[in-house]
Structure formats: C-alpha cells, structure tokens
Amino acid sequence: MYPERFSDLPAYAFPRLRALLDGCAPGGDPIAMSIGEPRHPFPAFVPEILAAHAHEFGKYPPNDGAPELLGAISDWIGRRFGVPVDPDRQIMALNGTREGLYNAAMALCPETKGAQAPLVLIPNPFYQAYIVATLSVAAEPCLVAATAETGYLPDYAALPPETLDRAALTYICSPSNPQGAVASRAYLRALLALAEKHDFKIIADECYCEIYRDAPPPGALEVAAEMGADPERVVVFHSLSKRSNLPGLRSGFVASGPQNIARIKQLRAYGGAPLPLPLQRVSEAVWRDEAHVAENRARYRAAYAIADEIFAGYPGYRSPDAGFFLWLPVGDSETVTRRIWAETGVRVLPGAYLAREQNGVNPGAGYLRVALVAPEAETRDGLTRLRDCLLNENKR
Numbered sequence: 001m002y003p004e005r006f007s008d009l010p011a012y013a014f015p016r017l018r019a020l021l022d023g024c025a026p027g028g029d030p031i032a033m034s035i036g037e038p039r040h041p042f043p044a045f046v047p048e049i050l051a052a053h054a055h056e057f058g059k060y061p062p063n064d065g066a067p068e069l070l071g072a073i074s075d076w077i078g079r080r081f082g083v084p085v086d087p088d089r090q091i092m093a094l095n096g097t098r099e100g101l102y103n104a105a106m107a108l109c110p111e112t113k114g115a116q117a118p119l120v121l122i123p124n125p126f127y128q129a130y131i132v133a134t135l136s137v138a139a140e141p142c143l144v145a146a147t148a149e150t151g152y153l154p155d156y157a158a159l160p161p162e163t164l165d166r167a168a169l170t171y172i173c174s175p176s177n178p179q180g181a182v183a184s185r186a187y188l189r190a191l192l193a194l195a196e197k198h199d200f201k202i203i204a205d206e207c208y209c210e211i212y213r214d215a216p217p218p219g220a221l222e223v224a225a226e227m228g229a230d231p232e233r234v235v236v237f238h239s240l241s242k243r244s245n246l247p248g249l250r251s252g253f254v255a256s257g258p259q260n261i262a263r264i265k266q267l268r269a270y271g272g273a274p275l276p277l278p279l280q281r282v283s284e285a286v287w288r289d290e291a292h293v294a295e296n297r298a299r300y301r302a303a304y305a306i307a308d309e310i311f312a313g314y315p316g317y318r319s320p321d322a323g324f325f326l327w328l329p330v331g332d333s334e335t336v337t338r339r340i341w342a343e344t345g346v347r348v349l350p351g352a353y354l355a356r357e358q359n360g361v362n363p364g365a366g367y368l369r370v371a372l373v374a375p376e377a378e379t380r381d382g383l384t385r386l387r388d389c390l391l392n393e394n395k396r
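Per full-length UniProt numbering, numbering through the sequence shown is continuous, rising by one, with the last residue being 396.
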C-alpha cells in the first residue's frame, strides 16, 4: 500500500527522532551520530574567495550557473570519470542536490506511460526526496527492497516485465545511503540495459562517491559512455556537501543529455532558485581542488578503521564499502534507539525511519544508521558506548 498524498506520508525522519527522544534524558554527555552532516574542516580558501566576491550578492546570479563554474564541473567530470561533457548544454548548477533530485521528476516524468500513470522505481530504504518527487508528479512509487540478500542495492531486474514497462524513472543511490554499498560496473551496465529495454530514465544520486576505501566507485555517466548508451538515459547528481564538507554551501550539479538538461533548465527558469554568485565562485574553486578531498577521504578511512576495531566480532556487523554510515543490525530500531540515548547519550537514527513497509515488512526496521562524521576521539567514544550498550542489549 503506497501513499497517494503528502498527508499519507509519515513525518520526516528527524522530526520523528525528536518525538521519539523528547522527554527522555540522555544517559551521558550527548554525542550526535544521527545526521549525515560532515564535521571535518572545509577547504581553508573558502572564506577568502567568499569575501573577495561578496559584492556579487548585489547581482542576480546566472540561472543555470556561471560559465566558470560549469567549466570547472565539466573538467572535474572529465578527470573523475573520463567523460567529455558540454558545460553549456549538459550541466546545470544546483542550489543543493535535493532540489535537483526533486525537480528531475517534475521536469522529466511523463503524465502517462502505456495509458497508465507512470511508475517511479525507488530503492527501499531511500532518501525521502525520491518519494515526494514521485507523488508531486502523480506517479506511483514502486519500492524495491535493498537488503543483505540483494547486496544492499535494489534488484530492479527481478520486477515483472509489465511493471518495468510502466516505469518512467528509477532512482539509484551509489554509494548507497544508508547502507554504504557501491553499485559495480556490472550492476550499472545491467541497469542501463534494463532502462534501454523498458524505456525509462535513471536518476543517479552519486553524492557520496568521493568517500570510499580503495577504488573510486564507478559512475553512471562513465558506464553509459562505455556502453555507447543514449546520454538522455542517465541523469546524475553530485554535491559539495559530502565531498568537501560544505553542506551549508548548498551547491551541487546535475549532468545529463542536452534534452534532459534543457527541460530541467526550463523548470528552473520558472520556479527554481539559482545559486548566488559568490557561492558559485567558491564552488568553482572547490571543484578544481583535489587535495582537500584526499585529506577528507583519509579521515573517513580512519573512521572505518575505528568502527572495524570496535565492532570486530559484533554479530552481523558489516563495514561499509563507501560513504560515512554504519548500517548496524539490531532488534526493533525505535526501541533500541531510545534505549541507547537513555543509557549512553549517543543519538542514532532508527533504520525504520528511512524505509517503508512492503508486504508487512519494513527493510530498515532491524537496523540503526550511525553517522561517522565526528572527529576521531568523539567517533571512538560514541562507537564504544554504542557497542557496549548493544552487547548488553543482546544479553537481555
């Protein structure tokens, strides 16, 4: 049973968490491990560039992105994925990627497909913008479980052909939030082949792609180029929030074929909010710098090592391939979250809040999402408290 209106949706995850923990005193000095807000330093040159261009707050910004920013993004795509992208026709700067992930459905989803309301395929668990975008265009969400059995990525190929024929869009997140799984080249090739066969577009959320252990995750753009796929088949999203520890900058981009980008630009012209010019100048410089990204990645690798050490031997523990979340198996995630807070002061997010029930089962209900975004000492303290509480829980 899928929601048909916004009013049918449960509250957003973080208001639900506040309601769950309100009135319950923390059992120790509070440590926030619930929200994916990077806390590592952002590049030191950011304030200087912002100050140098502060006078440009007095100008309306270019709606689609300043040429210098679009050029920097195009160059980055070329370096990172080896794909040439026309900065004028295939990229648009975004005021945060949530805007783009929502507006992609508004701009690209048809009113019908095969004389029926279209389907939008969504992994479950999922980022909440996907389902709200789907409801906004009067499409039907089709949630596909992303569990241990499917490698924590949705198995869209297992859907019946008639379901795939109704699909207009599919969302895919790699590295995945919350599980930290990476879509391999083989997975992306199979998904692209499926999209070609059943004529749907792939909305690829790749915002965590620069946080990984060893090999950089492949991107949908590069796999599509390797296959010679229609560039309109894939719409990719990237952000400076995680890559560069700049969530407050609200800066990202969308890249795709010229027709898709033209439609997204048209929607922006009527109802979007372009990125202010000083923020575009900062973004340009940040996309051109890789040194801070390597330093940031090293910090997350250190966090992985701490988690692996502390949770060694914990039943069902799986170290993430990428991203900065642990997806920890527990009992009832709401009950355990409240107990952890009351006994330790560590604030985590119930996995149930990131997924929806299918056939009586919520695939996130038995997990906690734990963000590894704090400095090392705080991360170690929080994970140690969390482990001890969970091990005591398992003994009850």
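Built from N, CA and C at the ideal position, the CB exists for glycine as well.
Starting from residue i, follow the alpha helix (DSSP H) in both directions and report where the run begins and ends.
i: His238; result: Looking at the DSSP string, His238 is not in any alpha helix (DSSP H); the run it does join, the beta strand (DSSP E), is Val234 to Ser239.
i: Ile77; result: Pro67 to Phe81
i: Tyr270; result: Pro258 to Gly271
i: Gln280; result: Leu277 to Arg288
i: Arg318; result: From DSSP, Arg318 is part of no alpha helix (DSSP H); its letter is neither H nor E.
i: Ala158; result: Neither: Ala158 is in no alpha helix (DSSP H) and is coded neither H nor E.
i: Arg297; result: Ala291 to Ile310
i: Asn103; result: Thr97 to Leu108
i: Ala229; result: Neither: Ala229 is in no alpha helix (DSSP H) and is coded neither H nor E.
i: Glu48; result: Val46 to Ala52
Can you tell me which residues form a DSSP beta bridge with residue i?
i: Ile202; result: Thr170 and Val234
i: Ala145; result: Asn124
i: Gln358; result: Val361
i: Phe325; result: Ala371
i: Lys113; result: Gln116
i: Ala85; result: This sequence places Val at residue 85; Ala is not what is there. None, per the DSSP bridge assignment.
i: Ala32; result: Arg347
i: Pro140; result: Here residue 140 is Glu; the residue named in the question, Pro, does not match the sequence. Note: Glu140 sits in a beta bridge opposite Leu119.
i: Ala212; result: Checking the sequence shown, residue 212 turns out to be Tyr, not Ala. Its beta-bridge partners are Ala322.
Comparing C-alpha positions only, which one of the options sits nearest to residue i?
i: Ala377; options: Ile31, Leu17, Gly23 and Ala13; result: Ile31
i: Asn63; options: Gly82, Phe57, Tyr353 and Met92; result: Met92
i: Glu111; options: Ala139, Pro84 and Pro123; result: Ala139
i: Trp327; options: Met33, Ser241, Ala11 and Pro67; result: Met33
i: Trp287; options: Gly71, Asp214 and Phe14; result: Gly71
i: Glu343; options: Cys24, Pro15 and Leu17; result: Cys24
i: Thr335; options: His40, Ala13, Lys201 and Leu20; result: Leu20
i: Ile160; options: Leu279, His292, Leu194 and Phe57; result: The amino acid at residue 160 is misidentified as Ile; the sequence shows Pro. Checked all of Leu279, His292, Leu194 and Phe57; the closest Cα to Pro160 is Leu194.
i: Glu284; options: Ala66, Phe14, Tyr60 and Pro38; result: Ala66
i: Phe324; options: Gln128, Val182 and Gly58; result: Val182
i: Thr163; options: Val137, Ile340, His40 and Leu121; result: Leu121
i: Ala168; options: Ser184, Gln179, Pro84 and Glu232; result: Glu232
i: Gly316; options: Val137, Pro47, Pro43 and Leu368; result: Leu368
i: Leu188; options: Gly272, Ala225 and Arg299; result: Ala225
i: Lys113; options: His198, Leu383 and Arg281; result: His198
i: Pro125; options: Cys109, Gly313, Gly151 and Phe200; result: Gly151
i: Ala204; options: Arg18, Arg299, Leu192 and Ser333; result: Leu192
i: Gly364; options: Asp321, Arg385, Tyr353 and Glu149; result: Tyr353
i: Glu68; options: Gly331, Pro320, Val346 and Gln280; result: Gln280
i: Gly27; options: Val346, Asn359 and Arg356; result: Val346
i: Arg166; options: Lys201, Ala294, Ile172 and Gly272; result: Lys201
i: Pro87; options: Ser136, Asn95, Phe81 and Ile73; result: Ile73
i: Arg297; options: Val348, Ile49, Asp381 and Asp321; result: Asp321
i: Pro274; options: Ala262, Arg39, Phe253 and Pro47; result: Phe253
i: Glu37; options: Thr379, Ala371 and Gln358; result: Ala371
i: Cys173; options: Arg98, Asp230 and Ala215; result: Arg98
i: His55; options: Asn362, Phe311 and Leu277; result: Leu277
i: Pro43; options: Glu290, Tyr127, Met227 and Arg339; result: Glu290
i: Asn362; options: Arg89, Ala229 and Asp332; result: Asp332
Residue i lies in the beta strand (DSSP E); which residues open and close that run?
i: residue 398; result: Any property of residue 398 remains undetermined from this structure, which presents the chain solely from 1 to 396.
i: Tyr367; result: Tyr367 to Ala371
i: Val254; result: Gly252 to Ala255
i: Leu94; result: Ile91 to Leu94
Practice task
Would you check if the segment 98-115 and the segment 150-158 touch, i.e. whether three or more CB-CB distances between them fall below 8 Å?
Solution key: no
Exercise for the section: Taking 8 Å as the threshold, find out whether the segment 242-256 comes into contact with the segment 110-129 through three or more Cβ pairs. Expected result: no
Practice task
Report yes or no: do three or more beta-carbon pairs, one from the segment 220-239 and one from the segment 133-147, lie closer than 8 Å?
Solution key: no
Handout entry: the segment 207-221 contacting the segment 262-271, beta-carbon criterion three pairs below 8 Å
Key = no
Practice task
Give a yes or no on contact between the segment 216-223 and the segment 72-90, applying the rule of three or more CB pairs nearer than 8 Å.
Solution key: yes
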